[in-house]
Amino acid sequence: MLQIKNSALIISMLLLFACIKPYDPVIDASVKSKYVVSGRITDIEGWQEVEVSLSSPVDLAKYVPLPGCQVNVADDKGNVFAMVEFTPGLYRVWMTHENLVHGTSYKVHVVTPGGDELVSGYDQMPAGPVLDSIYYALKEIPTTDPAVSNQIMQFYVDINASGDYSKYYKWEILETWEYHAVHILEYYYDGKHHKVDPPDSSKKVCWITSLSKNVFTVSTKSLAQNTYKQFPLHNIDGKSSRLGILYSMLVSQFALSEKAYNYWEKLRINSNDQGGLYEKQPLAIKGNLVNLTHPDLDVLGYFYAASQSSRRYFYKDVPGIHLDYNNHCNESSLGRFGWKEFTRDDYPVYYYYPATWILRILDHECVNCTLGGGVTVKPDFWPN
Amino acid sequence: MNLLLLIHVFFFGHALQDKSPDTLVSCHFKDAPFTEFCEFITAKTGVNIYIHEAWAAGLTVTMDADNIRAKTAVELALKGKGLEVSLWNGDLVVMPGEKLPEKLPGFEALHPESDSAHAGAHAITRSEEHYLTGRKADVLQTIRVGRKGAAGSDAMVTIRGRITDQQTGESLIGATMYLEETNTGTATDLNGLLSMVLKPGSYTAVFAYMGLEKKRALLEVHSGGEFNIELKKSAIEMKEVVVFGDRQMNFRFKAPGLEKISAKAIKEIPMMMGERDILKVSEMMPGIVTVGEGSAGLNVRGGNYDQNAFYLNRIPIYNTSHLFGFFPVFNADIVKDFSIYKGYIPAEYGGQLSSVFSITGRQGNRKRFTARGGISPVAANLTVEGPIKKDTSSFLISGRYLYSDWILRQINDPVIRTSKAGFNDLSAALNYDFRKSQLSLFVYHSQDDFKLSDITSYNYSNNGANLNVSRNFSPSLRADFSLTGSRYAFKTTDKQEPTLAYQHEYVIGDYRVNADFTQDLTSKNNLRYGAGITFYSLDRGTVSPFGEKSLRLPVALGKDQDVESALYLSDSHDVLPWMNVTAGVRLTLFNPIGPRTVYNYYPGSPKDPRYISDTLHFGSGQAIRWYVEPDFRAAVIMHTDASGTVKVSFNQMHQNLFVLNNTIALAPNSQWKLADYHIPPARSDQFSAGVFRSFPKLGWEASMEVYYKRTVNYPEFVDGADFLKNPNVETTVLPGKQDAYGIEFLLRRSGRKLEGWLAYTLSRSIVRVDGTESWEKINNGLSYPANYDIPNVVNTVVMYHFSRRLTASGVVTYQTGKPVTYPVSIYYINGIPYVDYSNRNEYRIPDYFRLDLSLTLEGNLRRNKFIHNSLTFNLYNVTGRQNPYSVYFKLEGGKIKSYQYSVIGVPVFTITWLFKLGNYASD
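Protein chains in written order, with the numbering used here: chain U, 849 to 1232; chain Y, 13 to 935.
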């Protein structure tokens, strides 16, 4: 349907009449925040986690964790696993192999500090295949200028499973990449001039770790075999710092139950589909939790059980990708009025002497990589 | 034509003894005023010349001639001016484009002792006849029906008449005959025939049809029989009613909720892209709204877009739009009559719940060959027509072609530049009149091709044919027999994702045999009855993998064969002089038939492949279900006084055919599906009541109608239903209940220099899907506004005729915004934000407002010309308001951004050129 929508859009665009512009909807401000419970049990021995939070208004979107809940996970064999709060709103329990068997069903039970009892339905953990190969292809993306196109690195995954495995898949991509501040800290001015000796390079090298926001789901249910070639995952390009030094991604494949897949598929549709002429209704997504205390109040989120298979990949110096990213480091010369132009609010003012020995003022981003969102702690999997 | 009214000014000369138009005169004039010339002729010959002073104004005469006849001199003086000279009692009468007849056709005097008009020793002119008929000032023609003495003195007889257009010989639909003596009237049916039961005697009959001159005639009825009468174009005054029937029709027609649209209105109302679109004009009427600019589909009285039946000369049309809805598949040039039934639907129609759009194409011109056409920036059309045997048979061929690829190639976008869009349509009509029968054949074809770069392509086509024979068995019994076939097919190729690339072909065939009878039982009682059988053959096709990389499993979506048999009977009875009751029943038997395999599901489980309990196999021709669908319909019309009526109706419909679609607009690959083993037909009951009133002196008429419509078993589709993967539709459909109600106001002025209308509708359309099980609910079982629930709609159309050649018009449209589901809160899973949506359709997008203007410039009004041109300048969306078609939301960097999408966000200016062979008034 997406294509039809685009065609109609194109017909009106070709006539240059159509337009798309931002719109500010008036939404009932009194919409209450709802309970959100999400978590999963995977077949990998270790910490199994459940998050409890509250939803927030659209215009003030923020994560509102809900600490102080009692959270239990139960399986259909009568075992109950009490979770403990690890960080506010995040509850976890260590589970071992013998309690993580394919075919077992799990549910979660939450009692909030307000006394509301939230419970999920059972979700059965299916067996899943090992993550098949991840590979990429460089693609040319045409631009409005027929002479210019951009290169992207498009990642793909294949599925090669037998019929015994689940036919419902979800992938998560945890990206990590190293990037550097352009300069090391040597000179700064805060009313007085300072020279750091030896120069401070502690904020020169950073790593960002982030979960890809796209939902990747696919089902082989309607295909001839439980195989799939070239399922497109995310793509990256030379316009971000990802490929600047070293890029890594941890691809996790989850084999889901059909119900859990339907939930994530709906989330995917809601997140990915744009409006247009043939717009579908946004889906009213119901999770698998209910509020036993106040049955009329919706509980958002989903609790499910999945088989997990993960693998880490590294990429650097990808041929064909032209690096053209902004390092957010701006230099300037000292103004006409010299250092008097800087007030207390501007301190410290960083600067350096290039080879010409004419002093250059530096933005903070030039000497502090953490301002780009990363941390200076090297991940333990990072190569030396 | 009423001669006396036209002759306002006489040029009297001296009465000479030897007055003769054959007298020889010598004329030598240079740029002399015509009046001077006349005075000269009168002085020389004693012949008076009669001309309307307005026609004489500005005429000059230049002539050098010796010894020519006076009549010839006058003819020479007027050559090329579109004025004709006739002889009248030795004098000359000048009239525009018309000669007085030399003889009166068959006149029977009012006096019983006179046997026939031919008894007179000399032919009398119309004016003499007029003089003879004396005080009945307007009666010009006598129509004799039947043989003298054939009927007893008290017996009632049935007369049957055909009203045709004098110029084209075409039968007129909905033309009226009104008898002044009895205050009764009737109107012609789809074949241009009317009938009436009355006592033998003399009557004054008034014949009227919109756009044509009203004609009064003396109707001499001796016994049952038939007659023909021709009406002609009103070329003198701008009488052409611009929209929806003339006043008389509006008040005497027996169907509440019937709207008619004239071809002229279609031309003069401003249109997007300059393409005349009858469906868009219908959207200006109360109770009818479009699903959106540039998209296909109409919502009539709160019904979904698949609840409307479209018939083009009885051929059902399954896809009514070209190019996703930017153009209609109906070429405005071939439309003769366009009627919309949305309240009381006559019993001969079954099918869709909300409305019937019945479009009757023009028959070819029976008098002469002619052509017409038009060019707009993206499309061109041409219509050719003419007699095969004059006055007896005719043909018409019409085609359209879209050539927009040149625009596409100008666009600086790689996808658009390599895309293609095109359509064409072709229709042909053939008509033949036998003495008691009429034969007509109509063939229709439309084709659309759209290719979006190398990503997706759509092709779809409508094909249809109708063969109809009408026969008069007796003056009171008439029948229509027709054979109709229609086939709609589409093909989609989708290559967007190589692994999922597919090709899909779909076809639905609809083959009908119908017999319809009209019988006059008494003068006050008319019976209509008939029977029909429809065979549907629907192949949802196979979704097959496309390309080497595609891993799609071929899915055969299944075939349906169905037989729909119907009988109907309806009676229209003038119970009281001021009250007419029409009551009808339509009994439909709908049988899905084999071969087919059907699944049964465990009771208490969702209809889902996981819960199949049983598989049923039906053999070829075996009935799978017997759906008996009785429809009861009734309408009462009460004339409160000469200019007011009250109409009340009840209408029941069943619908066996619906569209598998969960999007807002009708897409070109929307699949029609028939009711089957699991999916029952939908049913609706509608009550409506209306008050109609005219103010003839002011040219105004006003109406108000209320309606309430309840629909059950209307298929609603579960969220995210995918109709390309699933042969078992029952797994994605839930039966819905729909309540639609509203009040419609219309204030209209016509027949004046300033005309137009103001329509306001206040309505709601509410859906509820609330089954007993949790999976049988949508929106948790709560009521929600339908996607097309638009409470307030205002449409204003104003036209001002500066002259016959120049018309300016404007349209103002306002609508409440459509319902929409908004995101209401954000929640996080694993640090990623997700959106929580409101209840379905809880909010509304901004209101819709649009102003359009157009100016139509007609070519000159000369009578004798080869070609008549007109230019229409169109400014669509004058204010450039960016009316949102939809509002949508995107999650960008953890923030929800909302956007509105406007199909037409700027003023659009177009010029359309139309031409036809002949003059301004010719058809």
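For each residue, glycine too, the CB sits at the ideal point set by N, CA and C.
Buried versus exposed call for residue i [16 or more other C-beta atoms within 10 Å across all chains shown]
i       : result
Y/I838  : buried
Y/R174  : buried
U/A1153 : buried
U/P1227 : exposed
Y/F119  : Note that Y/F119 scores a pLDDT of 39, beneath 50, so its modelled location is shaky; the value from the coordinates is reported in the next line. Burial call: buried.
U/L1207 : exposed
U/W1112 : buried
U/W1245 : Past the boundaries of the shown model lies residue 1245 of chain U; chain U is included only from 849 to 1232, so the question cannot be answered.
Y/S882  : buried
Y/T924  : buried
Y/P7    : For residue 7 of chain Y there is no data in the structure shown, the boundaries of chain Y being 13 and 935.
Proximity below 7 Å, CB of residue i to CB of residue j
i       : j       : result
U/I1169 : U/G1086 : yes
U/H1028 : U/V1053 : yes
Y/A798  : Y/S777  : yes
Y/V915  : Y/L863  : no
Y/R313  : Y/Y62   : no
Y/K830  : Y/I857  : yes
Y/Q364  : Y/A308  : no
Residues near residue i by beta carbon distance below 6 Å, same chain, minus five either side
i      : result
U/A995 : none
Y/L628 : V610
Y/F921 : L887
Y/A82  : P33, T35, V37, I53, T57, V59
Y/F381 : G398
Y/Q827 : I802, V805, Y860
CB contact below 7 Å: residue i versus chain U
i      : result
Y/Y472 : no
Y/Q912 : yes
Y/I841 : yes
Y/D848 : yes
Y/V899 : yes
Y/Y834 : yes
Contacts of residue i in chain U (Cβ-Cβ under 8 Å)
i      : result
Y/T511 : Y1076, K1077, Q1078, F1079
Y/K432 : None at all; the shortest Cβ gap to chain U is about 11 Å.
Y/K561 : K1077, Q1078
Y/L909 : Sequence check: residue 909 of chain Y is Lys here, not Leu. Within 8 Å Cβ-Cβ: P870.
Listed by chain order, chain U residues near residue i by CB distance under 7 Å
i      : result
Y/S837 : V879, S881, K882, S903, S904, P905, V906
Y/P845 : A909
Interface residues of chain U facing residue i [CB-CB closer than 9 Å]
i      : result
Y/R552 : None at all; the shortest Cβ gap to chain U is about 16 Å.
Y/Y855 : P873, V874, I875, D876
Y/K83  : The premise fails here: Y/K83 is roughly 59 Å from chain U at the closest Cβ pair, so nothing lies under 9 Å.
Proximal chain Y residues relative to residue i, where beta-carbon distance stays under 8 Å
i       : result
U/S1070 : R564, L565, V567, K737
U/G1149 : Y839, I841
U/L1115 : Y846
Contact list for residue i against chain Y, beta-carbon separation under 9 Å
i      : result
U/S886 : Y839, Y840, I841, N842
Minimum Cβ-Cβ distance from residue i to chain Y less than 7 Å
i       : result
U/L1137 : no
U/Y1126 : Unreliable placement is indicated for U/Y1126, whose pLDDT of 39 sits below 50; the coordinate value is still reported in the next sentence. Answer yes: the Cβ-Cβ gap between U/Y1126 and chain Y drops below 7 Å somewhere.
U/Y1016 : no
U/P870  : yes
U/P873  : yes
Cutoff 7 Å; reference residue i; Cβ partners in own chain excluding five residues on either side
i      : result
Y/V525 : L495, G544, I545
U/H822 : What is shown of chain U runs 849 to 1232, which leaves residue 822 of chain U out entirely.
Interface residues of chain Y facing residue i [CB-CB closer than 7 Å]
i       : result
U/K1061 : I844
Contacting residues, own chain, Cβ-Cβ under 8 Å from residue i (five flanking each side not counted)
i      : result
Y/L818 : L867, T868, L869, E870
Y/G793 : R780, V781, D782, G783
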